[in-house]
Amino acid sequence: MENKLNIVLEKAFGYKSFRKGQEEIVKNILDKKNTLGVMPTGGGKSICYQIPAIIKKGTTIVISPLISLMKDQVNELNSSGISATTINSSMGNKEISDEIRKIRDNKIKLLYISPERLLLDSFIELANSITVPFLIIDEAHCISQWGHDFRRSYLDINTFIEKMEKKPVIGAFTATATEKVMKDIKNTFNISDESTFKENIDRENLYISVERDVKKEDYLINYLRENRDKAGIIYVGSRKEGDKLYEKINHLGYKVGIYHAGLDDKTRNQMQEKFKNEEIDIMVATNAFGMGINKTNIRFVIHYNMPKDIESYYQEIGRAGRDGEESQCILLFSNKDIMLQKYLIENNHEGADEFTIEEKYKKLNEIIKYVNVQSCHRGYLLKYFGEKEVKDTCGNCSNCINYQEIDITEEAYKIISTIGRTKERYGINVIADILFGSRSAKIKENNLNEVSTFGLMKNLKKPVIKSYINALLSQDYLFESDKTYMVLKLTDKARELIKNKELKVLKKESLNYVKESSKEVGNLELFEILRMLRRDIAVAEKVPPYIICSDKSLKDMCTKLPLDLKSMLKIQGFGEVKAKKYGDKFIGEIKKYIELNNVERVNTEIKNLNEKVKSYEITCQLYFEGKTIKEITEERILTETTVEGHLFEGYQNGLSINIDDFIDEGNEKLILEAIKSSTTGKLKEVKEFLPENVSYTEIRAVYAKHFG
Ligand code: ADP
Ligand code: ZN
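Be aware that the sequence shown starts at 68, since it is given in our numbering, and climbs by one per residue.
Okay, structure coming up:
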């Protein structure tokens with residue numbers, strides 16, 4: 068059985084292993100027990116019922132609240148070669164009767180349906196004429212008046228079950244984990260405690276931050292600049308604020324949309340579709356936007372104003388990073404936000420809902436407390452939602468991450484000189500390409516490979532080079548002219564920097580031991596090419612790009628560089644059908660890329676992958692040649708922290724690095740004790756136990772020496 072489940076998982080969905088909780092749920096459903104699965108958004112609820120549906124004879128009925136959600140699921144299943152369909156009010160009569168025929172002919176494994184349709188006589192007749200092994204209730208919290216999303220029509224589900232001649236096994240799924248809601252669902256569908264599976268609702272891939280007392284607009288514009296081309300939502304507290312921001316961002320040349328209750332249905336639908344189809348990257352929206360957004364690659368959610376309560380906030384940030392990739396959630400707080408929320412409570416702007424004014428104030432106070440807490444933000448949220456085991460620090464929120472300032476003066480010279488030499492005619496991408504030494508067509512056509520700074524930063528990843536350029540932009544060494552072309556120009560401050568050798572440029576970087584290693588971004592150029600291809604396929608098939616495959620799959624291709632179907636099957640999310648259907652197209656682009664681009668670089672990258680020549684080995688080699696750490700940072704254009712990290716890695720891998728050189732005599736014992744006393748073992752906490760003069764480098768060295 069176990070084996071069989073894994074085979075289905077791999078062949079049909081292209082996943083190598085189950086995520087936490089999935090397998091137990093699948094087995095429990097297959098054991099014919101009514102089951103409740105509570106998992107965070109993006110946790111992977113769908114396959115928990117899709118796998119039983121595939122394995123078992125008959126048609127599984129899935130109840131889902133929104134047509135857009137149903138369509139997405141059906142498209143996604145079909146693209147993996149699994150027969151699924153939906154009957155809904157947006158379809159014509161002919162279309163509906165075609166689908167019904169397929170269902171009667173036992174050709175459909177999963178049927179998605181809205182609760183409103185359940186009690187139609189014709190539907191009850193249909194359900195009773197076929198085999199229905201499982202009845203799945205998606206977004207099951209809609210059944211509860213205690214949830215944030217109660218739907219009267221969900222109450223019909225039980226009547227429907229009563230009318231079914233043979234009772235199916237029930238599977239209920241939700242991301243809402245409050246006790247009251249869970250109890251409602253369990254009572255309604257007769258689900259035992261043993262058949263209730265609740266996964267930790269933490270979303271580790273979300274960086275959570277609260278920024279207080281920042282100039283919101285400046286902050287936002289800087290942020291967007293640094294996160295160009297990424298998909299994100301900006302939530303605002305009022306329509307007026309939304310319209311204003313939308314205008315501003317649009318004027319700056321970004322692909323942006325707007326969504327609020329003041330717009331007509333048609334406009335809102337168009338906006339939503341454009342966002343899904345990647346025609347726009349950024350959506351400025353009130354809390355009216357979000358339900359039914361299945362888009363998996365939303366990289367940031369910014370709250371431009373504080374939301375009304377923690378429930379809404381957690382749900383809204385939950386829309387980021389459903390593909391499990393790192394994503395950012397940033398709340399920009401000012402005291403004005405409190406006034407706005409109080410005004411909304413007093414004037415009951417949102418229409419009638421189930422909470423009294425006192426309850427609303429209570430909820431408002433809770434989120435105000437959250438915004439101001441000095442300890443871990445994630446911990447606060449998890450405790451709020453009743454999570455039992457919560458760590459003191461998470462290392463991935465604004466209260467847990469430490470920043471250090473790094474010196475990027477040398478890099479600044481190179482960037483400024485490149486912009487100067489090319490006569491201030493190019494934008495951030497071209498300037499980064501020159502410094503990176505890219506062989507793209509645009510570079511060759513304009514002879515930019517002859518600029519004397521060409522390839523000067525070839526040891527850095529392009530996003531890192533861009534991050535340096537962005538730092539210069541935000542510190543006013545550079546500015547961008549012209550809304551359409553976004554050309555980089557130098558300011559007087561930049562010219563002053565070049566003249567006055569005393570001046571230094573600093574950049575804030577997160578000082579987080581674990582993060583450092585996960586910074587590998589992979590080949591961004593190829594990623595963009597594959598992303599475009601995915602968009603083309605999506606347009607041709609009339610589905611959103613994320614239905615074709617996730618960003619994670621694309622990234623996997625960028626590192627594994629598959630060149631045949633067999634290696635395509637090793638790509639995350641590519642099962643047999645998908646690999647056959649799209650494999651050749653992706654392989655074609657990858658081949659072209661390898662041929663067209665600096666073959667040498669790609670080849671060494673492949674070679675590096677194969678022979679596992681790691682970055683740390685290069686650093687250690689330089690160290691053995693007698694170079695100082697400072698010299699290595701300059702030669703490899705890395706930060707000191709990274710270079711030291713490489714040396715420690717070398718030590719751990721058996722290279723003859725003298726680790727004691729990095730620890731002051733006498734400090735080793737102190738550090739070991741501090742590590743023992745700390746609860747999390749995180750650098751920041753350990754450092755707090757130690758005298759001022761003990762450095763982070765020493766702590767890391769002790770870690771490397773003693774803990775491997
Ligand atoms: P939910 O409905 O819980 O929000 P989904 O079922 O949509 O989440 O899954 C979220 C993402 O995780 C999807 O992109 C899905 O393909 C992916 N996923 C689910 N299970 C696995 C797994 N076992 N391995 C890898 N990816 C998975
Ligand atoms: Zn934290």
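We treat Cβ as the ideally placed atom computed from N, Cα and C, and that holds for glycine.
query, result
"Classification of Pro-374 by the beta-carbon crowding that lies within 10 angstroms, buried from 16 upward", "buried"
"Distance CB(Gly-320)-CB(Asn-372) smaller than 9 Å", "no"
"The region 224–244 touching the region 70–90, judged by at least three CB pairs closer than 8 Å", "no"
"For Arg-279, three-class secondary structure by DSSP", "strand"
"Thr-127 - partner residues in DSSP beta bridges", "Leu-177"
"Identity of the residue in Lys-736, Tyr-690, Lys-694 nearest Tyr-718 by Cα", "Tyr-690"
"Short CB-CB distance (under 9 Å) between Cys-464 and chain B", "Reference to chain B is not applicable here, since this structure consists of a single protein chain."
"Meets three-Cβ-pair contact criterion under 8 Å: the region 621–634 and the region 604–613", "no"
"CA-to-CA distance, Asn-725 to Ile-742, given in whole angstroms", "22 Å"
"Per DSSP, cross-strand counterpart(s) of Met-350", "Ile-300, Gly-324"
"Among Glu-701, Ile-154, Leu-739, the one whose alpha carbon lies nearest that of Lys-525", "Glu-701"
"Sequence-distant residues of the same chain with beta carbon closer than 6 Å to Leu-515, five excluded per side", "Ile-501"
"Same chain, Cβ closer than 7 Å to Ala-771, neighbours up to 5 away in sequence not counted", "Phe-715, Tyr-718, Gln-719, Ile-726"
"Among Gln-339, Ile-347, Arg-366, the one whose alpha carbon lies nearest that of Gly-357", "Gln-339"
"Gly-640 versus Ile-615 - alpha carbon distance", "10 Å"
"Span of the beta strand (DSSP E) around Gln-89", "No beta strand (DSSP E) contains Gln-89, which is instead part of the alpha helix (DSSP H) from 89–97."
"Same chain, Cβ closer than 7 Å to Ala-538, neighbours up to 5 away in sequence not counted", "Ile-475, Lys-574"
"Phe-756 beta carbon near the ligand ADP (any heavy atom closer than 8 Å)", "no"
"Cβ-heavy atom distance, Ala-242 to the ligand ADP, below 8 Å", "yes"
"Supposed contact pair Lys-315 and Leu-399 - C-beta distance, whole angstroms, cut 8 Å", "Not quite, the Cβ-Cβ distance comes to about 14 Å (not below 8 Å), so this is no contact."
"Alpha carbon of Gly-522 to alpha carbon of Arg-445, nearest angstrom", "41 Å"
"Cut-off 7 Å between Cβ atoms - residues of its own chain near Ser-634, not counting five sequence neighbours on either side", "Lys-627"
"Residue(s) in a DSSP beta bridge with Ile-204", "Ile-130, Ala-239"
"Buried/exposed call for Asn-160, threshold 16 Cβ in 10 Å", "exposed"
"Euclidean distance between Cα positions of Gly-391 and Arg-270", "8 Å"
"Cβ neighbours of Leu-722 in the same chain (closer than 6 Å, five flanking residues each side left out)", "Cys-687"
"Heavy atom of the ligand ZN within 8 Å of Cys-396 beta-carbon", "no"
"Local conformation of Glu-284 per DSSP, three classes", "helix"
"Nonlocal neighbours in the same chain, by C-beta distance under 6 Å from Ile-237, ignoring five residues either side", "Asn-101, Leu-202, Phe-256"
"Near the ligand ADP: Phe-80 beta-carbon under 8 Å from a heavy atom", "yes"
"Inter-residue Cα distance where the pair is His-713 and Ile-738", "21 Å"
"Phe-367: first and last residue of the uninterrupted alpha helix (DSSP H) it sits in", "Phe-367 -> not in any alpha helix (DSSP H); beta strand (DSSP E) instead, spanning 365–370."
"Span separating the alpha-carbon of Lys-253 from that of Phe-264", "11 Å"
"Alpha carbon of Lys-98 to alpha carbon of Gln-117, nearest angstrom", "Looking at the sequence shown, residue 98 is not Lys but Asp. Those two C-alpha atoms are separated by around 15 Å."
"6 Å CB neighbourhood of Ala-239 in its chain, flanking five on each side removed", "Leu-103, Ile-204, Ala-207, Ile-252, Phe-256"
"Neighbourhood of Thr-152 by C-beta distance below 7 Å, restricted to the same chain and skipping five residues each side", "Val-141, Glu-166, Lys-169, Ile-175, Leu-178"
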